[in-house]
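Encoded as C-alpha cells, the structure appears first; notes follow it.
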Amino acid sequence: MPDTAGLVKLPEEMAAALATDDTAKQPFAPTIVAFFCTWCTYTAADMAGLSRMAYSPAIRVVRLMCSGRLDPQFVVAAFRHGADGVLIGGCHPGDCHYQEGNYKALRRVALLRSLLGQLGIEPQRLRLEWISASEGEKVQRVCNEMAEQLRELGPLRLGSQGLQAEQVQNGHQEYLSIDTHDPVEATTP
Amino acid sequence: MTDYMEYSPHVLNALRLGGDYEEALISRAIWACTSCYACTLYCPKKIPITDAIYTLKRAAMQAGVYPKHFVTPTLVREFAHFVHESGRNSEAWMSIRLYLKTRPSQLLRYGPLGLRLVLRGRMSLRRERIHRPDELRRVLDALEVNAGGRP
Amino acid sequence: MPNAGPVKVGVYVCHCGLNIASKVDVSQMVAYAATLPGVSVAREYKFMCADPGQELIQQDIKDGLVDRVVVASCSPLMHEATFRRATSAGGISPFLFQMANIREDVAWVTDDRDAATEKAKALVGGAVRRVSEHESFERRYVPVHPEVLVVGGGIAGIHAALVMAEAGKHVYLVEKEATIGGHMARFDKTFPTLDCSACILTPKMSSVRANPNITLWTYSDVESVSGFSGDFVVRVRRRPRYVNEDLCTGCLSCIDACIYKRGRTDDPWNEGLSKRRPIYMAFPQATPSVVVVDPEACVDFRTHKCPRPCVDACERNAMDFDQKPRIEQIKVGAIILATGFHTFDARRIPAYGYDRYPGVYTSLEVERLLNASGPTNGELVMRDGSHPRRVAIVHCVGSRDANTNAYCSRVCCMYSLKLAHLVRERSGAEVTEFYIDLRTPGKGYEEFYEKIQKEGTRFVRGRVAQVTEEDGALVVHATDTILGKVRRVPVDMVILAVGMEPQPDAEDVRRLFNIGCGAEGFFTERHPKLAPVSTFTDGIFLAGACQGPKDIPDTVAQAGAAAAEVLAMVDRGSVEIEPATAFIDAAVCSGCRTCVGMCPFSAISFDAATNVATVNEVLCKGCGTCVAACPSGAAQQRLFTDAEIFAELEGLLYA
Amino acid sequence: MSYAYFPGCGSTGTGRPYEESLVAVFQALGSGLDAIDDWNCCGATAYPTIDPAQATALCARNFALAERAHPEAKQLDVVAPCAGCYRALLKAEKAMAEGGVLAERVSNALGTAGLSYDGRAQPRHPLDVLVNDIGLEAIAAATVRPLQGLRVACYYGCLLVRPYAPFDDPYEPTSMERLFRAMGAEPIDWPLRTRCCGGSCYCGGPIVGALPEATLDLSHTLLEDAKKRGADVVVTTCPLCQFNLEGFQSQMARTFGARLDVTVGFFSQLLGLALGIEDRKLGIQRMFRWKLPEQSPKDHLTKESKEKVVVDA
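Chains as they are written, first to last, in my numbering: chain A, -19 to 169; chain B, 0 to 150; chain C, 2 to 656; chain D, 98 to 410.
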C-alpha cells in the first residue's frame, strides 16, 4: 500500500482506527554511541540536522576522522560504560577519504562481533553502516531502526565478570593477528 | 476521463494542498475515476493519486456524502456483498440487481444486449459461489475494523 | 604528557538565536555544566560565533579563569575554526578547545525538549572530559606550489584560467575534447541579452591560447592525482591526435586532401545531425587551431593502404601517424575542477518519442540547427528537409520529475524562451511552450519572458504526458492546468528542453580528486552558502555546472570566485597542514611494524637501527588507522588520542 | 510445465472465450493451466474502496490456496488472464511483501481460517508467460497459419501495465507487438494502446459504469483511432475492455454517427488461430462480430519469412 495518509485527511475516527498501536509506554530508553567518520557520516548527520530530520535521542555521536581510526577498544569501552549499542558510520566502499579506512573498519567490526558474541553481547548491538555525506535520510533511518531494535532487546546486561581488561586485550591481539591486506567483500554486514 | 471530472486529479491535489478536503470528498470527480492509474504513472512527483482517490471514496462512503444519483457507491456495496456472501461475483445477477436499485428503466435498454450475451454463452445465469464461503468470510470478518480485527 | 595542575574548563553554551534555545533548556545545561569536574566557568550567550561571544572566551582566558574551552553550539564542520581562533586569540593553544554539537546533532533532530536537553548535557559532559585530556601544540604549515591546474576547458575553466594567468600564476588547462569552448561554443545566442555566443566566447578562447602563463593541453585526461593541498602531483595523459600540435597551423589543407570527400561518422559537435570526416576540426574557431585524425574513421588505421594525401598536403609536415599517448607529470598547489555537465538523454522518457519520431529534437540539437556554423548554416531545417510551421517546446524533460531527476535544471525555462524567439525569427513558425512553472529568477530574465510573450509565442501551463504521431503530424498531449482541460496540439516539430545532468564520468572524477558528490551526482561544495567553491578536500575548488546546474552568468561568477580562492591560497604562500596527524612515541614503540603496512600514504618509516617507527607528518593525512592498529599504544593521533576518546566516552555515558 | 491458474469471475461470463482460447493455446504450446482449487474473487477495483486490508486478503487467500496445493514449489507462478485481476493480485502481493501493519493484519486474518501466504506465489500475466517463458522463437516455430500482413491493434488498456509493469515498459509496452510480429502480423503504431477504455473495471459489471456516456466516448475514441490507423482487428488482455469495445458499437453508431464495425477479440484467440487451433476451441463463435481480412499467402510460412520472423523476435 502506498502511503496515502499524508495525501488526504482521514476522518478522525477512521484515522484512529487505522493508527498503529504504539501508544503503550516504553519504559526503556536505550543509549547508543555512534562513531561517525568526519567526511561522510558525520557530514550526513549534519545534513540530517539541516533538513530537520528528527531521529531518536538515543544516539550520542563521537566524531572520528575516519572509521579506520576505530580502535575496537573504543567499542568495548562504550559497552563497559553503559552504552546499549554502538553504531559505526563510514564512507561507502571506494569512497574513503583515506583510501581504505572503511575496509579496515569492516574487518575490525567483523572480528569484534565474534568477540562480543563470546561475551554474550547480542550481535544487533553493534552495527556498521556506510553512509555518504548526502545521505542524511539514511542517518535518520538507521538511527531510528537501531534505537527501535535495542528498545525491543532491552538494556545491555553484562555478566557478573563484565568486560575484563584481559578479555579486551585478548580481543585486541586476536584482531591484530589477521592480515588486513586481504581484499574483503565490500558489503555492509 | 478527466473531461468528465469537475476536478481533474491535479485539482484534487490542489484542494488537498489548500486544505479543502471536504470539497474533494463531495466531488463527483472521485466517482468518475476508473482507477486506470494514468495519473499515478505520469505524475512527476510520484504522488499516489489513484490510491488517494480510493481513500477519498472510502471516506465519502463512510460519511455518506457521495452524490446520490451516482451508481458507483451502490455498485461497490453490491459487489462487496456478493463477494462476501458467495466468494465470487456473478456478472448477470449483479447487473440486474444494480439496475433494479438505481436505474430500472435502463434494464430494458440493455436487455437485448444481455440476451445476446446469454445466447452466445457469455452470460451465465447461475449464481457462482465457492465451496468454502465460510472460510473466506472468516478471513474478511477478522479484518472488520469494528470487529476486533486489530492485531 | 600529563598537564601540570588541575584544568580550568570554560563551557560556553550557544542559543544560536532560537535554533538551539527553542529545543534545549540552555539555562539548565549551564547549571549542569558548572557542576562537572574541572569546569571553572559556565556561560550562555545568544550567538557565540558573534564577536561578543568570542570575546567572552578570550576575556576568560586572559583573566586566567579558563585554560580549556568547550563551546556547545553548532557542528564543528561549521565553526570549529572560528572558536579555535578565539581560543588562540585568548592566548592559549587553539587545540585546547573542543566543540559539542548541540544544534545539528541535538536541537534540530530531537522532537522532545526534555530528551534534547538530556542529550545536550551528555554531549557537553563528553566534551568537558575530553578537553581535559587535550594537549597544546603548534599549528604547522607547508609552502604552496605556485602553479595551478584547471580541469575542463568550458567557459568556467577558461574564465578561471584567464583570471589566474593574468594574476601571474602559471596555469595548466586540461580539456578532454580536441578544442576548448565546451557547451557554450555550440550555442548560437545567449539569454537574456541574445548576444552571439561565439562573439563573446571566442576572444576568451584566443586569449587562453595567447597567454604565456597558460599551458593548454586539449585531447587530454587527468590520470592520477596524489599529494595534498599546496603540493599535488598530477599525471596527465595526452591522447594522440596524429598531428604535431606545434607544427599545425590550422590551414585545413589536409582536410581538403583527404580521400573521403564527405563525412563518414556522426559529428558529436553537431549532436549527430551531420557527418564528420576522418580528419577534422570541430569548428572554425577551434582552440587550439589544430586538426585531429579520428583513428576509428581513418581508413589508413585499418588497411594501412591509404596513399595519405593529407601527409603530402601538409606543408609543415605536421602529420604524424606514429604518435603515441604521452604522460605529463606536473606539480601544482591547487586544482579547480570545471568539468561541466551532460544533457539528459531524452530516450529515457519513451513517451516523448525521441529517436522514434524524426520530428522530435533535443534543445541542444536545435541549438546546433540555429547556429550559423551548424549543420544547416543556421536555417531551421528538419531531418526530412522540411521547414516546420508549428513548433512545440516541452519543458522539464529530465528535470523536476521523480522518475528521472527530481531537481530543477535552472536553465531550461530561459533557454526555451530564447529558442522560441530564435525559431520564430528564423522560420516564422508558430511556437507553443508547454511548462510546469516558468522560472525566471535573474537579472533581466522576467523582462525577457514578457518580451517573448509579446512576440506571440503561445504558452500552455501543463506538463506534457505524451507525444504521438497522428495523420503525419506530431501531437502533443498535455493537461492545461489553468483550464483544467486536456489539450492535444498538432505540430511539425517538438523540441525537448532537456535538463542538465552530471557528466557520465563524474563518479570517476570524484574519486580521482577525492571529493564528494550529492545524491544526484554533482560535486559537493564545502558549504552551500559560505564555501560554495571549496570542497571538503583542501586545495581543490569547483567552478561551473559540475557543482550543479547553472547558467553562463552564474558559471562565470563562480569561476571567478574559485580563481580568487586559489589566488588567495597561492599568494599566502603556505597552508596549514592537517593538525590531526599521527605520531609515534619512540619510548613505547616495540618495533612490530604493524603501522608501517597500515598506512595508505606510506608516511611511516621504520628505523632498523633504533627499532622504532616514525611518522612523516607532512605525508600523514590524519586518518588514524595506524593508531587503531598499534598494539603497544605508541602510535597516537593528535586531537584523537586514545585517552581523549576514552575520556569523551566516559563523559558521554556517565553524564 | 504447468502453471497455477486464477480464472477470475469473468471467466464464466463475458470472458469465456478468453479462457477457452488461453487454455487451448497453452495446451498447444505444451503448457498447462491448473485452476486454483476454490479460488475466490480478487476484489477488483471495488473492494479497495470498501477496505484495503480486506481487498488484500481476498487476493492473499488465493495465493495461500495455491501454495497449499504445491508445498514443494520454491516459486509459484499464478497466471491471471484478466488484467484487472492481475493488477489486484500484484497489488496484494506487493503489499504483503512490503510487510508492515497491513500485511500483518492480513496474515493474522488468514490464520483464523488456517491459511498462510509465505510469498512463494506470484501473479503472472499470460502475455508475460508467453513472451518471456515460452518465448517468441518457440511460438514462431509453432505457428502454422501465419498472420501474414494482418494489421493488429494491440490494446493493453490500463491495468496490465499500471501502476506496476513487471514485464514491460509502462509508457510504451511492446510485448504484444513483439508476439504478433513473431507470427507474421503487422502491429500498428497506436499511441492510445494504454489509454483507458472507460470500462471502470468493476470486473463483471460491464454495463453499469459510473458515467455511461463517458465510457462510450472513451471506447469510441479508441476504436475510431485504431480504424483510422488501418487496424484489421483489435486484441485485448482483459474481458471487460473486450466487452466494452465490442458490445457497444451499435450504441456508438447511434451516438456518434458512423458504424465502426471493428473486430475486437482476445489476444489469445488470434494467437490460437495462428497456431492452427480450430475456431470453436477458441470461442470465436461467441463473439458478436469476427471478420478478418483474407490473408495471402494463406498457408504456410515460406522459408524466407520464417527466418525473418526469428530475426524480428
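Just so it is clear, CB atoms sit at the ideal spot from N, CA and C, and this is done for glycine as well.
field: Cβ-based burial, T582 of chain C [other Cβ within 10 Å; buried from 16]
entry: It is buried - the Cβ of T582 of chain C has at least 16 other Cβ atoms within 10 Å.
- prompt: Of all the CB atoms in chain D, is at least one closer than 8 Å to the CB of I129 of chain B?
  reply: With 8 Å as the cut-off, I129 of chain B counts as an interface residue toward chain D.
query: Any beta-carbon of chain C closer than 8 Å to the one on K44 of chain B?
result: yes
- request: For Y268 of chain D, go through chain C and note every residue whose CB falls closer than 7 Å to its CB, in chain order.
  value: P351 and A352
message: Looking at the secondary structure, which residues open and close the alpha helix (DSSP H) in which Q286 of chain C lies?
response: Neither: Q286 of chain C is in no alpha helix (DSSP H) and is coded neither H nor E.
message: With a threshold of 8 Å between beta carbons, is A154 of chain D in contact with chain B?
response: With 8 Å as the cut-off, A154 of chain D counts as an interface residue toward chain B.
- request: Buried or exposed for W115 of chain B, please, with buried defined as at least 16 other CB atoms from any protein chain shown within 10 angstroms of its CB.
  value: It is worth fixing the name first, because residue 115 of chain B is Arg in this sequence and not Trp. It counts as exposed.
message: Does M98 of chain D pass the burial test, meaning 16 or more other C-beta atoms within 10 Å, or should it be called exposed?
response: exposed
message: Counting beta carbon pairs with one atom in the stretch 30 to 42 of chain C and one in the stretch 157 to 176 of chain C, are three or more of them shorter than 8 Å?
response: In short, these stretches do not touch, since the Cβ pair count stays below three.
message: Tell me the DSSP secondary structure of E456 of chain C in three-state form.
response: In this structure, E456 of chain C counts as helix in the three-state DSSP scheme.
Runs of beta strand (DSSP E) lying entirely within the stretch 46 to 95 of chain C, each at least 3 residues, in chain order: Entirely contained in the stretch 46 to 95 of chain C, the beta strand (DSSP E) runs reaching 3 residues are, in chain order, 69 to 74.
- prompt: According to DSSP, is E475 of chain D helix, strand or coil?
  reply: There is simply no residue 475 of chain D to check, as chain D begins at 98 and stops at 410 in what is shown.
query: Can you pull the DSSP bridge partners for D267 of chain C?
result: Answer by DSSP bridge pairing, in chain order: C:K276.
field: Residues near C255 of chain D in its chain [Cβ-Cβ closer than 6 Å; skip 5 each side]
entry: C293
- request: Reducing DSSP to helix, strand and coil, say where I496 of chain C ends up.
  value: strand
query: Going along the stretch 501 to 533 of chain C in order, which residues come within less than 8 Å of chain A, judged by CB to CB distance?
result: R512, N515, G517, C518, G519, A520 and T525
query: Under a CB-based cut-off of 8 Å, is P10 of chain A close to chain C?
result: Not an interface residue.
task: Under 7 Å Cβ to Cβ from D2 of chain A, same chain only, skipping five residues before and after it: list those, please.
output: Here D2 of chain A scores only 43 on pLDDT, less than 50, and its place in the model should not be relied on; the value that follows carries that caveat. Result list for D2 of chain A: empty, nothing under 7 Å.
- prompt: Between Y358 of chain C and the rest of its own chain, which residues show a CB-CB distance below 8 Å, the 5 nearest in sequence each way excluded?
  reply: V468, E470, L475 and V495
field: Cβ-based contacts, 8 Å cut-off: residues of the stretch 77 to 97 of chain A near chain C
entry: Taken in chain order, the members of the stretch 77 to 97 of chain A whose beta-carbon sits within less than 8 Å of a beta-carbon on chain C are H77, Y78, Q79, E80, G81, K84 and R88.
- request: Compare the C-beta of N341 of chain D with all C-beta atoms of chain B and state if any pair is closer than 8 Å.
  value: no
- request: Could you name the residues of the same chain whose beta carbon sits closer than 7 Å to that of T352 of chain D, not counting the 5 residues immediately before and after it, in chain order?
  value: Answer for T352 of chain D: L313, listed in chain order.
message: Using a Cβ-Cβ distance cut-off of 8 Å, determine whether Y36 of chain B contacts chain C.
response: no
message: DSSP three-state label for A4 of chain A, please.
response: Because A4 of chain A carries a pLDDT of 42, less than 50, the predicted location of this residue cannot be relied on, and no value is offered for it.
- prompt: With DSSP run on the structure shown, which of helix, strand or coil describes H659 of chain C?
  reply: Not covered by the structure: residue 659 of chain C. The range shown for chain C is 2 to 656.
- prompt: From the beta carbon of T469 of chain C, is the nearest beta carbon of chain D less than 8 Å away?
  reply: yes
- prompt: Are the stretch 194 to 205 of chain D and the stretch 224 to 240 of chain D in contact at 8 Å, needing three or more beta carbon pairs?
  reply: No contact exists between the stretch 194 to 205 of chain D and the stretch 224 to 240 of chain D.
query: Nearest-angstrom Cα distance between R573 of chain C and V143 of chain C?
result: 11 Å
field: Per DSSP, the bridge partner or partners of N102 of chain C
entry: C:S74
field: Inter-stretch contact (C-beta, 8 Å, three-pair minimum) for the stretch 106 to 124 of chain C and the stretch 538 to 545 of chain C
entry: The stretch 106 to 124 of chain C is not in contact with the stretch 538 to 545 of chain C.
- request: Tell me whether R384 of chain C sits in a helix, a strand or coil according to DSSP, three-state version.
  value: R384 of chain C: coil per DSSP, three-state reduction.
task: Give the residues from the stretch 397 to 415 of chain C that approach chain B closer than 8 Å (Cβ to any Cβ), ordered along the chain.
output: C397, R401, D402, A403 and N404
field: Short Cβ contact (8 Å threshold) for V293 of chain C with R242 of chain C
entry: yes
- prompt: Who are the neighbours of T230 of chain D on chain C, taking C-beta pairs under 7 Å?
  reply: It should be pointed out that residue 230 of chain D corresponds to Asp in this sequence rather than to Thr. Here the premise fails: no neighbours, minimum Cβ distance about 25 Å.
task: Compare the C-beta of Q6 of chain A with all C-beta atoms of chain C and state if any pair is closer than 8 Å.
output: The pLDDT assigned to Q6 of chain A is 47, lower than 50, so where the model puts this residue is not dependable, and the model offers no usable value.
query: What residues of chain B sit near Q151 of chain D, judged by a beta carbon separation below 7 Å?
result: L139 and L142
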